[in-house]
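For the sequence shown, my numbering gives the first residue as 135, with consecutive numbering after it.
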Amino acid sequence: MKTIKINSLQFGTIIFFFIFASLIGIGVNNTAFYASRDAVISVILSYVIGFIPIIIFLYLFKQDKNIIELINYTFGKRFGLVINIILVIPIIVISGVVISTISNFLVSQFLADTPIYVIYLCMFVVIIYAVYSGIEAISRTALVLSSLVTLYFIISVLGISSNIKIDNFLPLFEHGIVPDIKASIFFVLTDIIPIFIMLCISKKNIRDKENVDKSIIVSYSIGMFVSLASMIMTIGSLGIYLTNIYEYPEYMMLKKISFFNFLNRIENLISIHWLFLSLLIVTISVYYVNRLIKVKKKKNSIVVSFLTLIVIYAFCIVTFKNNTMLVSFTKYIYPYVNLGYFVILLIISVIYFFKRRKVKV
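Structure (C-alpha cells):
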C-alpha cells in the first residue's frame, strides 16, 4: 500500500466526526439515563476526564508508527500479531454498535417497510468503495462534509433555542454527584475512546505534522462543545422524562425546530447527515483491518473490506436480535468493551515507554 498523506485539518475533522457520531442514539441517551437532569454537568466533567485518553492518544500518535507497527515493535511480530488481533475485537464491536444504531434509526423513522439487511447492504457498498478509494479520499470527503455538519448544527441551535426551558435542568444534583461522575466516565468511554481507531494512521502520514497535535486538541474541544450543546438542546426542549422515553431524543428534539412559524419539518433533512458520520467510523474501522493485513493492492482491499463487513454484520445479527437488545447493550455492556480497549492500549503505552527508555539508556 502506498504511503498516505493527509493534512492535520483533515485528521482533526475525522476526530470530531468520531465524537459527534457517537452521540447519536448512544451518548445522549446513556448520559441522560445515568445522570438525569445533571447530564449537562456530566458532559462538562467528561471534557476534563477525557483529557486522560487524549494524552495517551497523543503519546501513541507522536511515535511516527501506527498502532499496528508500534505493537509489533514492542512485543515482537508473533506476540504482537496476537495483540493486534485482540484489538480488532473491540473495533468490530464499536463498528457494529454504530452501524446498528444508524440502521435502526433509518428503519424506525424513514424506511419502515424496508428489511434492515437491505440497509446494511447499501451501507456496505458505500464503505467498501470508500476504503477502496483510500484514506486520502475519505479525509477529503470528511472535510467537505464538515461544512454541511456545521451548517446543520447552527440551524439546530437557532431553531431550538427558543424552546429551551431552564426548569428542565432543575433541581441540580437531585441524586447526588456519584451518578454524574459515573455518567461522565461512561460518556468518555463511549464517545471518546473510539477515536483510538484513528491510530491506524501514524504521524508520519501527516503532511504538516507540526500542527497535528493542536488540531487533535481543538477537534476534541469542538466535539465536546457540540456534545454539550446537543445535551442542552435535547433536555432543555424535551425535558428529562421524554429524553429517557424516546429512543432517538436528538431526532425528536429536531422536530421542534420552527422558523417564523412557516419553515417546519426540517428534521429529516438535518438528521440525514448522521448517516454519513456513522459510515465514517465504520469505514475507518475497516481501513484499520486493511492496514493490519497489509493490503498492498487496491483490488485486494475489496475482498478484505467485504470479509470484515461480513464479520461486523454477523456480530450485529447475533448480538442485536431486536432494538431492545441493542439499547440494553449500549447502556450496560458497550462502555465496558471500550474500557477494555482503552486498558489494553494503556498497558501497551506503558510497556512501550519503558522499552524505549531502556533502549536509550
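Cβ coordinates follow ideal geometry from the N, Cα and C atoms, glycine included.
Taking 8 Å as the cut-off, the Cβ atoms of I201 and L333 count as close. With contact defined as three or more Cβ pairs closer than 8 Å, the stretch 225-239 and the stretch 448-456 are in contact.
Judged by DSSP secondary structure, A173 falls within the alpha helix (DSSP H) whose first and last residues are A173 to I183.
Residues I272 and T417 of the same chain have their beta carbon placed closer than 6 Å to that of A264, with the five preceding and five following residues left out of the count. Bounds of the alpha helix (DSSP H) holding P224 are K211 to Q243. Secondary structure note for F454: it is in no alpha helix (DSSP H), with a DSSP letter that is neither H nor E. In the displayed model, I202 falls within a helix according to three-state DSSP. Taken in chain order, the whole alpha helix (DSSP H) runs of length 4 or more contained in the stretch 308-352 are 312-325. Under the Cβ criterion (8 Å, minimum of three pairs), the stretch 157-171 counts as touching the stretch 308-316.
Residue environment: I415 is assigned as buried (16 or more neighbouring CB atoms within 10 Å of its CB, all protein chains considered). The closest CA to that of L221, considering only I444, F476, S483 and R490, is found on F476. Put simply, the stretch 366-377 does not touch the stretch 338-347. Fewer than three CB pairs are less than 8 Å apart. Sequence-distant partners of I485 (beyond 5 residues in either direction) whose C-beta falls short of 7 Å from its own C-beta, in its chain, are T208. DSSP places T417 inside the alpha helix (DSSP H), whose first and last residues are H407 to I427. If you look at F154, you'll find it in the alpha helix (DSSP H) that goes S142 to A155.
For L282, the three-state secondary structure derived from DSSP is helix. Taking a 10 Å sphere around the C-beta of K489, we find fewer than 16 other C-beta atoms and assign the residue as exposed. According to the DSSP assignment, F167 belongs to the alpha helix (DSSP H) that extends over V162 to A169. Contact check for V227 and M365: beta-carbon distance about 24 Å, past the 8 Å limit, so the pair fails to qualify. Nearest to V360 by alpha-carbon distance, out of S290, I315, I350 and D247, is S290. Here K489 carries a helix assignment [DSSP, helix/strand/coil]. Here A246 is exposed, its C-beta having fewer than 16 other C-beta atoms within 10 Å.
For Y382, the three-state secondary structure derived from DSSP is coil.
Taking C-beta separations shorter than 8 Å and ignoring five residues to either side along the sequence, the partners of K139 in its chain run E270, N339, I340 and R341, following chain order.
Using a Cβ distance threshold of 8 Å, Y468 and T368 do not count as a contacting pair. Distances from the alpha-carbon of G159 to those of T442, N424, F321 and L426 put F321 closest. Between the alpha carbons of S180 and V471 lies a distance of about 18 Å. In this structure L460 is in contact with N238, their Cβ atoms being roughly 6 Å apart against a cut-off of 8 Å. Cβ neighbours of L473 within its own chain (closer than 6 Å, five residues either side excluded): L323. CA-CA distance, K316 to K465, rounds to 12 Å.
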